[in-house]
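Enquirer: Residue numbers (full-length UniProt numbering), protein chains in the order written: chain A, 1 to 454; chain B, 1 to 454.
Yeah, the Cβ is synthetic: ideal placement off N, Cα and C, and Gly gets one too.
Protein chains: 2
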Amino acid sequence: MTAAVSDYHSWFSRRALSMPPSPFGQLVPLMRDPEMKVLCQGVPPDSCFPLLSMTCKLLDGSEVVLSEADTRLAQRYPPFACGPLREWLLRHVLQLHSPPLAEWDITIAAGSMSSVDLVCAMLVDPGDVVLIEEYSFLAGIDALRSYGAQLHPLPLDAEGLRPDALERACTELAQRGLRPKMLYTVPVGQNPTGTSMTSQRYAQIYDIARRFNILIVEDDAYFYQQHVQRGAGCSDSSTSAAGIPATSREEMPLPGMSLGPSFLSLDSDGRVLRLDSFSKTLAPGFRLGWATGAKPLIDRYNMLAYASSQNGCSLSMMLLGKMLEAWGDAGFEAHLRKLQSALRSRCDALVAAAEAHLGPAALGPGAAASWQRPQAGMFLWCRLANRQKTTEELVALMRQHGVAVMPGEFCSAAGSEDGKQCPYLRLSFVASEGEYPEAMRRLGGLMQSLGGET
Amino acid sequence: MTAAVSDYHSWFSRRALSMPPSPFGQLVPLMRDPEMKVLCQGVPPDSCFPLLSMTCKLLDGSEVVLSEADTRLAQRYPPFACGPLREWLLRHVLQLHSPPLAEWDITIAAGSMSSVDLVCAMLVDPGDVVLIEEYSFLAGIDALRSYGAQLHPLPLDAEGLRPDALERACTELAQRGLRPKMLYTVPVGQNPTGTSMTSQRYAQIYDIARRFNILIVEDDAYFYQQHVQRGAGCSDSSTSAAGIPATSREEMPLPGMSLGPSFLSLDSDGRVLRLDSFSKTLAPGFRLGWATGAKPLIDRYNMLAYASSQNGCSLSMMLLGKMLEAWGDAGFEAHLRKLQSALRSRCDALVAAAEAHLGPAALGPGAAASWQRPQAGMFLWCRLANRQKTTEELVALMRQHGVAVMPGEFCSAAGSEDGKQCPYLRLSFVASEGEYPEAMRRLGGLMQSLGGET
């Protein structure tokens, strides 16, 4: 069965539909013709650009050199600097996701936050219903709300978004005559809950999206941060990775580039817009990511990007493009393994410290916290036995106990009120392993002051 | 007389008013406290960041080195990388504009296009009236239109926006019960007309804005591109710089950092939001600019920036911050003089070639083009004797004659229809001087094919 999308316009916002293609586009073919005398550029003389060349020492001991020609392009507008990165991305996306769609494309984004913003601009009119995991990316929730989206939170379990809940929500909305504009989902190393979808989930959710003709926005910022191979002892929650002892985990192979399914890899209809980020894979300071999907979606994205954040920083594009080119697949995979290994050992260390200081032995069975060990990402989603404090009181307790974590209500798509309803904390395992025993000891003290179940 | 703005909320869009401050802000003081154990960051371990250090050779023969510590910060999120650039900008803005307002601030922007977008997001609801020069920045017009602004075009003369026309428009709109949301103006080296405002104009326009309680968005991307000192023989159009022979121009001092007035420098009320760009001053590839204005405006800007383009690329921020720090005022001024000198001689060369190939001697009095020599920026706004072709036909003629220029209708705030109504072309003088005789010869051929006045 296929259900190819034919009417993208019914998804686009009024703003997206009103944005004209840049008229400058008519001049671009002329500007690229070497026979032309070109007097339509709006860039200062490149003989005045301040940088002549660049050399970057890399962590792995190698160097990336930008020649004078590269450096000149890196100082021009993004269309002149994106070449090497765009080529790498096209090949990389094909290799990892083999999109089954005939007409797909990618575009470079000025960071994943910018692509979430542009997706909102592209799709959301005030009042539009957006399906979203009940806990999700904080700034993504704020962006969606600011565009007037009516968020419809969906529950998660140990394997992420629950298909039964999605189907029920779609049915109920349809009965009320409402068509959700999109499902916004973080499928791997979900922020903040740490869950990752199984292959089965992807298929079930894609099937529901097809039946109800919904667009899936797959914000997969943590895709490369898988520190346990998906499917390794996690086909259901009863045998989840949380149950694998740390010693066995140490021996499990790191995923490297074997990263498993995505909605993009299933998308024969053209109903998936996938957002990737370099922020969690390389570093956030490059402010680069990319979006992949059906050509009409990417074209519309670019029409909006041209008059806002554009496609990111040329200097970063050239630098990453040249670095990835020099690394080759082997170098990129080596980097991923290093990252995955660092996150795995940090995750183990945080979980061990949490067991020692937040578990029943330390806090007593009534006041102990609980969690599921994540297989991807950098967050441990920690359920408190009790939470009768407001956000403000909780922040004051953090200051008093000398430990800073994220109150779960910050990530709530349902809205936070004063935080008392939210029994979760998000703990990130980014700091080095040595930090965790003391951090968890302090957090245990904070939890003790919250008291046990009431 | 003062008319300090007290009610910024009446200017803000519904979206700006609905955007919550990032809840993360409550955690930032904790994260900065060295006594804290911090488990709330969302950045991958910096031990995995790919870049170790960087060395940039500069055009002026000097070097900028980013140490390992700088390079680590340059790979983090912008708040950790913005320090050196923000310090330089605060000092620089104070030196150039001495804002008379007590509570002003700056924020770094992800390029000037991103700041125009965020200004639209901050201020424009569908249907809002925006006052704008009749010809203006192409992508700015598109951005404003996409947010649903009703553009109200105002005529320009040789000194830029006409105050009498602004006053009449405000009066007429007030009679219809309409309050414009803002005046969007490009006061120096106006894109595309090349005009620059005199001191008198600034005072007159600011006074009108005060009387009608209008916000002025001063998009001053070409401020640093002044190649003739403002006021040097240009107090009115009859003695404009166009009348100064090239030989005298060669001897005139370059402005350097003596750049004259701005709306920001007059703004005792807090009704100016000034946008600056590094794209036309250093290079567009850094994708950085900055916004300056009353603190409530900058705070609201940042609330929107946090969930969209953020404040630009950390790597660029650190690199420019360190470069400007190393240059000092003398180095920055030397760079400006180099840029201003390059633009002055290119402008002279383009005007000389235009006189030879587009003037009455070449095309005959009925078909000759006309222009005013600009004192700033990089555009010559060229009026055709005749324009009976559509945009498409004009682009085809460009291809045929081997010369690419920008059709004036691309820059029309009134809308372009098929272009036949617009008798202007925008010629940029960015290419090196040697290009212009042949380019103008070809353009003269194109104009001949358009025919004379009808």
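Select from B:Pro261, B:Arg230, B:Asp267 and B:Ser277 the residue whose C-alpha is nearest the C-alpha of Leu254 (chain B).
Expert: Reading the second sequence from its first residue, position 254 is the one you call residue 254 (chain B). Of B:Pro261, B:Arg230, B:Asp267 and B:Ser277, the residue nearest in Cα terms is B:Arg230.
Enquirer: Can Gly293 (chain B) and Ser277 (chain B) be called in contact, C-beta distance under 7 Å?
Expert: What you label residue 293 (chain B) is simply residue 293 of the second sequence in a count that begins at 1. What you label residue 277 (chain B) is simply residue 277 of the second sequence in a count that begins at 1. No, the Cβ-Cβ distance between Gly293 (chain B) and Ser277 (chain B) is not below 7 Å.
Enquirer: Kindly indicate which residue of A:Gln375, A:Ala349 and A:His401 has the alpha-carbon position closest to the one of Thr198 (chain A).
Expert: As a position in the first sequence, residue 198 (chain A) is number 198, starting the count at 1. The option with the nearest alpha carbon to Thr198 (chain A) is A:Gln375.
Enquirer: Could you check the C-alpha separation between Gln26 (chain B) and Val395 (chain A) for me, to the nearest Å?
Expert: Counting from 1 along the second sequence, the entry for residue 26 (chain B) is found at position 26. Counting from 1 along the first sequence, the entry for residue 395 (chain A) is found at position 395. Near 8 Å, if we compare the C-alpha coordinates of Val395 (chain A) and Gln26 (chain B).
Enquirer: Taking 7 Å as the CB-CB cut-off, is Gly285 (chain B) touching chain A?
Expert: Here residue 285 (chain B) corresponds to residue number 285 of the second sequence, with the count starting at 1. Chain A, which has a Cβ nearer than 7 Å to the Cβ of Gly285 (chain B), makes this yes.
Enquirer: Using CA atoms only, rank isn't needed, just tell me which of A:Phe24, A:Leu259 and A:His152 is closest to Gly377 (chain A).
Expert: The residue you call residue 377 (chain A) lines up with position 377 of the first sequence. Answer by Cα proximity: A:Leu259.
Enquirer: Just confirm the distance between the C-beta atoms of Ala413 (chain A) and Ile141 (chain A), as a whole number of angstroms; I'd bet it's less than 8 Å.
Expert: Residue numbering aside, residue 413 (chain A) sits at position 413 when the first sequence is read from its first letter. Residue numbering aside, residue 141 (chain A) sits at position 141 when the first sequence is read from its first letter. That belief holds up - the Cβ atoms of Ala413 (chain A) and Ile141 (chain A) are roughly 6 Å apart, short of 8 Å.
Enquirer: Using the Cβ count rule (16 or more neighbours within 10 Å means buried), how would you classify Asp7 (chain A)?
Expert: Mapped onto the first sequence, residue 7 (chain A) falls at position 7. Exposed, because fewer than 16 other Cβ atoms sit within 10 Å of the Cβ of Asp7 (chain A).
Enquirer: Using DSSP with H/G/I as helix, E/B as strand and the rest coil, what is Asp164 (chain A)?
Expert: For the purposes of this step, residue 164 (chain A) is identified with residue 164 of the first sequence, where counting begins at 1. Reduced to three states, the DSSP call for Asp164 (chain A) is helix.
Enquirer: Does DSSP put residue 455 (chain A) in a helix, a strand or coil?
Expert: It is not possible to answer for residue 455 (chain A), since the shown part of chain A is limited to 1 through 454.
Enquirer: Would you say Gln150 (chain A) and Val116 (chain A) are within 7 Å of each other, going by their C-beta atoms?
Expert: Against the first sequence, residue 150 (chain A) aligns to sequence position 150. Against the first sequence, residue 116 (chain A) aligns to sequence position 116. It is not a contact, given that the beta carbons lie outside the stated cut-off.
Enquirer: Please report whether the beta-carbon of Lys338 (chain A) lies at a distance below 7 Å from any beta-carbon of chain B.
Expert: If you number the first sequence from 1, residue 338 (chain A) lands on position 338. Answer yes: the Cβ-Cβ gap between Lys338 (chain A) and chain B drops below 7 Å somewhere.
Enquirer: Are at least three pairs of beta-carbons, each pair with one atom in the region 184–196 of chain A and one in the region 154–163 of chain A, less than 8 Å apart?
Expert: Touching, per the Cβ criterion.
Enquirer: Please name the residue or residues paired with Gln226 (chain B) in a DSSP beta bridge.
Expert: Position 226 of the second sequence, counted from the first residue, corresponds to residue 226 (chain B). According to DSSP, Gln226 (chain B) bridges with B:Ala376.
Enquirer: Just verifying my parser: in three-state terms, what is the DSSP assignment at Ile132 (chain B)?
Expert: Locating residue 132 (chain B) in the second sequence gives position 132, where the first residue counts as 1. Ile132 (chain B) falls in the strand class under three-state DSSP.
Enquirer: Cβ of Arg280 (chain B) less than 7 Å from any chain A Cβ?
Expert: Position 280 of the second sequence holds residue 280 (chain B). It is Lys, not Arg, that sits at residue 280 (chain B) in the sequence shown. For Lys280 (chain B), the answer is yes, since a Cβ of chain A falls inside 7 Å of its Cβ.
Enquirer: Go ahead and label Met31 (chain A) buried or exposed: buried means 16 or more other beta carbons lie within 10 angstroms of its beta carbon, across all protein chains shown.
Expert: In the first sequence, residue 31 (chain A) corresponds to position 31, counting from 1. Burial call: exposed.
Enquirer: Should Gln225 (chain B) be labelled buried (16 or more other beta-carbon atoms within 10 Å of its own) or exposed?
Expert: As a working mapping, residue 225 (chain B) is identified with position 225 in the second sequence. So Gln225 (chain B) ends up on the buried side.
Enquirer: Tell me where the beta strand (DSSP E) around Ala109 (chain B) begins and ends.
Expert: The residue given as residue 109 (chain B) occupies position 109 in the second sequence. Residues Trp104 to Ala109.
Enquirer: Taking Ala439 (chain A) as the query, report the chain B residues whose CB atoms sit under 7 Å from its CB, ordered along the chain.
Expert: Along the first sequence, one-based indexing puts residue 439 (chain A) at 439. Simply Lys37 and Leu39.
Enquirer: How would you call Gln388 (chain B), buried or exposed, if buried means at least 16 neighbouring beta carbons within 10 angstroms?
Expert: For this step, residue 388 (chain B) is matched to residue 388 along the second sequence. Exposed: under 16 other Cβ atoms inside 10 Å.
Enquirer: List the residues of chain A that Val403 (chain B) touches, going by C-beta distances under 9 Å, in chain order.
Expert: Position 403 of the second sequence, counted from the start, is the residue given in the question as residue 403 (chain B). Those are Leu30, Met36, Lys37, Val38 and Leu39, listed as they occur along chain A.
Enquirer: Three-state secondary structure (DSSP) at Gly383 (chain A)?
Expert: As a position in the first sequence, residue 383 (chain A) is number 383, starting the count at 1. Checking the displayed sequence, the identity of residue 383 (chain A) turns out to be Arg instead of Gly. Note: Arg383 (chain A) maps to strand in three-state DSSP.
Enquirer: Let's see if you can read the secondary structure: which residues bound the alpha helix (DSSP H) around Lys57 (chain A)?
Expert: As a working note, residue 57 (chain A) is residue 57 in the first sequence. Where Lys57 (chain A) is concerned, there is no enclosing alpha helix (DSSP H), although the beta strand (DSSP E) it sits in stretches over Leu51 to Leu58.
Enquirer: Could you tell me which whole alpha helix (DSSP H) segments of length 4 or greater appear in the region 2–55 of chain B?
Expert: List check, alpha helix (DSSP H) in window: 14–18 and 28–32.
Enquirer: Could you tell me whether the Cβ of Val395 (chain B) comes closer than 7 Å to any Cβ of chain A?
Expert: Residue mapping note: residue 395 (chain B) aligns to position 395 of the second sequence, counting from 1. So, interface residue.
Enquirer: Going by C-alpha to C-alpha distance, which of B:Cys40, B:Leu324 and B:Ser316 sits closest to Ala81 (chain B)?
Expert: One-based indexing of the second sequence puts residue 81 (chain B) at position 81. Closest by alpha carbon: B:Ser316.
Enquirer: Pick helix, strand or coil for Pro356 (chain B), following the three-state DSSP scheme.
Expert: Translated into positions along the second sequence, residue 356 (chain B) becomes position 356. Contrary to the premise, residue 356 (chain B) reads as Ala rather than Pro in this sequence. Helix, per DSSP.
Enquirer: Would you identify the three-state DSSP class for Val116 (chain A), choosing helix, strand or coil?
Expert: In the first sequence, the residue the question calls residue 116 (chain A) occupies position 116. Correct three-state label for Val116 (chain A): helix.
Enquirer: Verify the CB distance criterion: does Thr107 (chain B) have a CB-CB separation below 7 Å to chain A?
Expert: By one-based count along the second sequence, residue 107 (chain B) stands at place 107. For Thr107 (chain B), the answer is no, since every Cβ of chain A falls outside 7 Å of its Cβ.
Enquirer: Closer than 6 Å by C-beta to Ala3 (chain A): which residues in its own chain qualify, once you throw out the five before and the five after it? Chain order, please.
Expert: As a position in the first sequence, residue 3 (chain A) is number 3, starting the count at 1. Once the five neighbours on either side are set aside, the close Cβ partners of Ala3 (chain A) are Arg210 and Asp269.
Enquirer: Are there 16 or more other CB atoms within 10 angstroms of the CB of Gly328 (chain B), so buried, or fewer, so exposed?
Expert: To locate residue 328 (chain B), count along the second sequence from 1; it is residue 328. The residue in question, Gly328 (chain B), is exposed, as its Cβ has fewer than 16 Cβ neighbours within 10 Å.
Enquirer: How many whole angstroms separate the CB atoms of Val430 (chain B) and Pro44 (chain A), which I take to be in contact at a CB cut-off of 8 Å?
Expert: For the purposes of this step, residue 430 (chain B) is identified with residue 430 of the second sequence, where counting begins at 1. For the purposes of this step, residue 44 (chain A) is identified with residue 44 of the first sequence, where counting begins at 1. Val430 (chain B) to Pro44 (chain A), Cβ: 7 Å. Contact.
Enquirer: By how many angstroms is the C-alpha of His92 (chain A) removed from the C-alpha of Asn302 (chain B)?
Expert: Counting from 1 along the second sequence, the entry for residue 302 (chain B) is found at position 302. Counting from 1 along the first sequence, the entry for residue 92 (chain A) is found at position 92. So the alpha carbons of these two residues sit roughly 34 Å apart.
Enquirer: If you compare alpha carbons, which of B:Leu118, B:Glu433 and B:Leu144 is closest to Leu304 (chain B)?
Expert: For the purposes of this step, residue 304 (chain B) is taken as residue 304 along the second sequence, with counting starting at 1. Here the closest residue by C-alpha is B:Leu118.
Enquirer: Can you list, in chain order, the residues of its chain whose CB lies under 8 Å from that of Ile208 (chain B), leaving out five sequence neighbours each side?
Expert: Against the second sequence, residue 208 (chain B) aligns to sequence position 208. Taken in chain order, the residues that qualify are Pro163, Leu166, Glu167, Cys170 and Ile214.
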